[in-house]
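Under my numbering, the first residue of the sequence shown carries the number 6, and numbering increases by one thereafter. Quick reminder that beta carbons are idealized off the backbone N, C-alpha and C, glycines included. Here the structure is a predicted model, which is why all the values come from computation and not from measurement. Beneath this line is the structure, given in structure tokens, with notes to follow.
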Amino acid sequence: MAKSLVIVESPAKAKTIEKFLGKSHYTVKASVGHVRDLPKSQLGVDIENNFEPKYINIRGKGDVIKELKKEAKKAKKVYLATDPDREGEAISWHLSYILNIDEEEKCRIEFNEITKDAIKKAIKSPRNINLNLVDAQQARRVLDRLLGYQISPILWQKVRKGLSAGRVQSVTTKLICEREEEIKAFVPKEYWSIELIASNKEENNLTLKFYGKDNEKIELENEEQVKEILKTIENGNLVVTKIESRSRRKSAPKPYTTSVLQQDAANKLNFTTKKTMMVAQELYEGIDVKGEGTVGLISYIRTDSKRISEEAREKAKGYIIESIGENYYKDHAKDSKGKKEKKVQDAHEAIRPTSVDRTPDSIKDSLSKEQYKLYNLIWRRFVASQMEDSVFDVLNVECKIEDLIFKATGSKLKFDGYTKIYNFTEREDKILPSLDEGEILKIQEYNPQQHFTSPPPRYTEASLVKTLEELGIGRPSTYAPTITTILNREYVEKDGASLVPTELGIIVTKILDENFQKFMEVDFTADMESQLDQIEEGNAEWKNVVEEFYSPLAEAIRVAIEKIEKVNMDEETDEICELCGSNMVIKYGRFGKFMACKNYPECKNTKPIVSKIGVKCPKCKEGDIIMRKSKKKKVFYGCSNYPDCDFVAWNKPVEEPCEVCGSYMYEKYSKSGTKIVCSNKECKHEKIIEQD
Numbered sequence: 006m007a008k009s010l011v012i013v014e015s016p017a018k019a020k021t022i023e024k025f026l027g028k029s030h031y032t033v034k035a036s037v038g039h040v041r042d043l044p045k046s047q048l049g050v051d052i053e054n055n056f057e058p059k060y061i062n063i064r065g066k067g068d069v070i071k072e073l074k075k076e077a078k079k080a081k082k083v084y085l086a087t088d089p090d091r092e093g094e095a096i097s098w099h100l101s102y103i104l105n106i107d108e109e110e111k112c113r114i115e116f117n118e119i120t121k122d123a124i125k126k127a128i129k130s131p132r133n134i135n136l137n138l139v140d141a142q143q144a145r146r147v148l149d150r151l152l153g154y155q156i157s158p159i160l161w162q163k164v165r166k167g168l169s170a171g172r173v174q175s176v177t178t179k180l181i182c183e184r185e186e187e188i189k190a191f192v193p194k195e196y197w198s199i200e201l202i203a204s205n206k207e208e209n210n211l212t213l214k215f216y217g218k219d220n221e222k223i224e225l226e227n228e229e230q231v232k233e234i235l236k237t238i239e240n241g242n243l244v245v246t247k248i249e250s251r252s253r254r255k256s257a258p259k260p261y262t263t264s265v266l267q268q269d270a271a272n273k274l275n276f277t278t279k280k281t282m283m284v285a286q287e288l289y290e291g292i293d294v295k296g297e298g299t300v301g302l303i304s305y306i307r308t309d310s311k312r313i314s315e316e317a318r319e320k321a322k323g324y325i326i327e328s329i330g331e332n333y334y335k336d337h338a339k340d341s342k343g344k345k346e347k348k349v350q351d352a353h354e355a356i357r358p359t360s361v362d363r364t365p366d367s368i369k370d371s372l373s374k375e376q377y378k379l380y381n382l383i384w385r386r387f388v389a390s391q392m393e394d395s396v397f398d399v400l401n402v403e404c405k406i407e408d409l410i411f412k413a414t415g416s417k418l419k420f421d422g423y424t425k426i427y428n429f430t431e432r433e434d435k436i437l438p439s440l441d442e443g444e445i446l447k448i449q450e451y452n453p454q455q456h457f458t459s460p461p462p463r464y465t466e467a468s469l470v471k472t473l474e475e476l477g478i479g480r481p482s483t484y485a486p487t488i489t490t491i492l493n494r495e496y497v498e499k500d501g502a503s504l505v506p507t508e509l510g511i512i513v514t515k516i517l518d519e520n521f522q523k524f525m526e527v528d529f530t531a532d533m534e535s536q537l538d539q540i541e542e543g544n545a546e547w548k549n550v551v552e553e554f555y556s557p558l559a560e561a562i563r564v565a566i567e568k569i570e571k572v573n574m575d576e577e578t579d580e581i582c583e584l585c586g587s588n589m590v591i592k593y594g595r596f597g598k599f600m601a602c603k604n605y606p607e608c609k610n611t612k613p614i615v616s617k618i619g620v621k622c623p624k625c626k627e628g629d630i631i632m633r634k635s636k637k638k639k640v641f642y643g644c645s646n647y648p649d650c651d652f653v654a655w656n657k658p659v660e661e662p663c664e665v666c667g668s669y670m671y672e673k674y675s676k677s678g679t680k681i682v683c684s685n686k687e688c689k690h691e692k693i694i695e696q697d
């Protein structure tokens with residue numbers, strides 16, 4: 006009996022789905038991503054022929070395509086089950102072309118989660134390929150190719166080989182460069198604060214802060230203002246003029262969208278956006294859970310929506326009432342009615358567990374450390390989103406001395422609500438002593454403090470993702486690869502968690518901004534995303550959108566080729582070439598920076614750039630510890646005498662040996678501060694050297 010063929014993108018997904026459908030009636034194969042694309046070796050877009058793309062089978066996919074054709078030929082029915090988004094729709098469209106599936110054939114199935122019920126339900130209701138979705142993907146692909154393949158060669162000629170420009174990556178780099186300019190141009194502004202400690206008639210203390218004068222808030226900008234206030238409060242007493250008691254509610258956060266998940270995983274788990282999406286993909290495609298087999302643990306991971314299905318809502322309701330308490334459940338059904346998200350992925354749900362009964366701790370033994378951390382975050386956020394508000398009793402106290410106002414606020418948790426499940430910060434109640442209006446408070450001490458405003462912080466991956474989303478640049482699926490690209494191109498580097506533009510990034514951004522200003526504007530990039538949405542909704546023709554984009558680009562390219570002068574990126578150093586005595590210069594090659602003789606081509610001496618950290622090798626005692634980078638750009642530390650000495654370490658060694666066992670110590674960073682830790686695992690000696 007002939008079987009039906011189901012085609013998905015990944016082998017992991019194929020394995021999970023085949024288990025649900027059964028091998029006796031279905032064969033499930035993976036395309037391993039795209040099978041057709043624009044050629045890498047040429048533009049691949051026929052500009053003269055209305056921007057017709059020239060698709061070819063991707064090199065290296067011959068065996069995959071051959072197997073898919075073979076299986077499709079003998080199958081009674083072919084189902085294309087790629088991801089439920091533009092990219093997934095385009096993959097299905099290319100597969101239908103390769104497999105000669107009729108355009109009218111209802112061959113496309115989609116599902117928001119990889120569970121048995123979702124897969125079987127999808128198989129029962131196949132649909133036609135959505136050509137609007139395909140056209141939106143084609144427009145995005147062609148636009149990016151036109152910009153990237155026509156601007157990048159200009160950068161190769163004028164700056165150095167290996168550089169690239171991109172519709173989203175270049176604007177993202179510009180944001181980071183602009184933030185650095187703001188930081189450099191920032192002028193600190195002085196301001197002051199005054200705290201008082203006062204006691205009531207029972208001699209209980211409370212701390213109050215200066216608010217203002219004559220019922221108006223005042224910002225203290227200099228010491229003279231502060232001195233005037235201190236004259237008034239010296240040897241004086243406060244009068245309690247107002248006491249306000251109220252209840253404050255704090256609502257639970259909504260379930261995760263892609264960008265918020267990336268931000269939270271960065272802030273709470275220290276995950277990069279790339280790592281978050283990689284681990285989330287594993288949870289989505291399927292994990293072998295003990296006692297269950299392979300099952301998808303979370304719903305589709307690329308979404309802008311905060312909606313959840315009625316079925317998932319009911320399951321959460323049952324879990325909360327039975328496992329946490331009936332008073333912890335809050336009906337959120339009304340919140341989502343009549344509200345429509347503006348972005349395309351609203352067709353999906355928010356990211357949620359496929360079964361709320363599958364608690365993180367119940368499946369912990371089946372998950373890797375990273376999978377458990379991320380699943381725990383997603384599960385808790387989802388359950389919390391269906392729980393009651395947390396409630397606080399808040400007490401506001403206003404006191405006066407003459408016409409000066411000081412205020413104090415106290416709060417006490419009355420009902421924990423959703424924070425019983427989703428609480429990542431330790432909070433302490435701030436209880437104020439019992440007070441009466443008109444009561445006299447005796448001032449015990451006062452503390453004026455000078456402060457200076459801080460410059461805007463550098464972007465982290467989390468804050469950059471938030472900004473990209475707010476500005477409408479890119480889509481959930483593009484945030485992680487965009488950040489990875491600008492780091493790999495060395496336009497940006499990491500300083501701890503912060504993203505800092507490199508000299509190369511600043512130069513490239515300046516060239517692009519001066520010569521392709523329109524395409525580097527945030528509004529232009531965001532408007533382009535809106536036009537792609539219009540194509541997806543069937544309200545715009547994709548080739549017309551491309552034409553509108555390309556006309557000004559072609560003119561800008563023509564002018565830029567003549568206008569841009571070659572940039573010399575060589576950086577002269579004080580180091581002398583041991584072969585000819587000339588100065589060495591820093592050059593950029595395929596694998597990053599290196600030293601070369603200034604007297605090239607007469608002298609062809611080159612050598613790697615060595616970054617010493619000022620610590621002798623703890624193993625051979627002779628070499629210097631130098632900072633190196635792995636092929637994946639990860640920093641590690643090794644001995645300068647390699648290969649004679651094979652000492653390597655991921656953490657930065659320090660000069661000071663362990664005072665307990667004599668082993669070398671290394672720096673370790675945590676949220677509580679920087680400390681040095683003994684490298685000997687049996688010796689757990691450590692010292693805090695800098696408190697955050």
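Taking 7 angstroms as the cut-off, decide whether the C-beta atoms of residue i and residue j are in contact.
{"i": "M670", "j": "V659", "result": "yes"}
{"i": "A35", "j": "P16", "result": "yes"}
{"i": "N205", "j": "L446", "result": "yes"}
{"i": "N610", "j": "C622", "result": "no"}
{"i": "T277", "j": "E466", "result": "yes"}
{"i": "E442", "j": "V245", "result": "yes"}
{"i": "E403", "j": "K412", "result": "yes"}
{"i": "T263", "j": "R307", "result": "yes"}
{"i": "I114", "j": "Y154", "result": "no"}
{"i": "V173", "j": "T483", "result": "yes"}
Would you identify the three-state DSSP class for residue i, choosing helix, strand or coil?
{"i": "R251", "result": "strand"}
{"i": "K347", "result": "Reliability of the predicted coordinates at K347 is poor, the pLDDT of 44 falling under 50, and the value obtained from them is presented with this limitation in mind. Reduced to three states, the DSSP call for K347 is coil."}
{"i": "V13", "result": "strand"}
{"i": "T212", "result": "strand"}
{"i": "Y334", "result": "strand"}
{"i": "N220", "result": "coil"}
{"i": "K81", "result": "coil"}
{"i": "V69", "result": "helix"}
{"i": "I478", "result": "coil"}
{"i": "L517", "result": "helix"}
{"i": "N62", "result": "strand"}
Taking the beta carbon of residue i as the centre, do at least 16 other beta carbons fall within 10 Å, making it buried, or is it exposed?
{"i": "H30", "result": "exposed"}
{"i": "Y102", "result": "exposed"}
{"i": "H99", "result": "buried"}
{"i": "Q350", "result": "Per-residue confidence for Q350 stands at a pLDDT of 41, beneath the threshold of 50, marking its modelled position as unreliable; no derived number is given."}
{"i": "L584", "result": "exposed"}
{"i": "E576", "result": "exposed"}
{"i": "E393", "result": "buried"}
{"i": "I124", "result": "buried"}
{"i": "K163", "result": "buried"}
{"i": "V470", "result": "buried"}
{"i": "I156", "result": "buried"}
{"i": "S390", "result": "buried"}
{"i": "P365", "result": "buried"}
{"i": "F429", "result": "exposed"}
{"i": "A485", "result": "buried"}
{"i": "E297", "result": "exposed"}
{"i": "N117", "result": "buried"}
{"i": "K232", "result": "exposed"}
Among all the DSSP beta bridges, which residues are the ones paired with residue i?
{"i": "P358", "result": "I303"}
{"i": "V527", "result": "DSSP output for V527 lists no bridge partner at all."}
{"i": "V590", "result": "E577 and A601"}
Throw me the rounded Cβ distance for the residue i and residue j pair, which I believe falls under 8 angstroms.
{"i": "K218", "j": "L409", "result": "6 angstroms"}
{"i": "T507", "j": "E519", "result": "No, T507 and E519 are not in contact; Cβ-Cβ is about 18 angstroms, not under 8 angstroms."}
{"i": "V698", "j": "K320", "result": "Because the chain spans 6 through 697 in this model, residue 698 falls outside it and cannot be assessed."}
{"i": "I478", "j": "V176", "result": "6 angstroms"}
{"i": "N137", "j": "E495", "result": "Actually they do not touch by this definition, with Cβ atoms about 38 angstroms apart."}
{"i": "L48", "j": "R150", "result": "7 angstroms"}
{"i": "L558", "j": "F529", "result": "Actually they do not touch by this definition, with Cβ atoms about 11 angstroms apart."}
{"i": "L235", "j": "P453", "result": "7 angstroms"}
{"i": "I70", "j": "V40", "result": "6 angstroms"}
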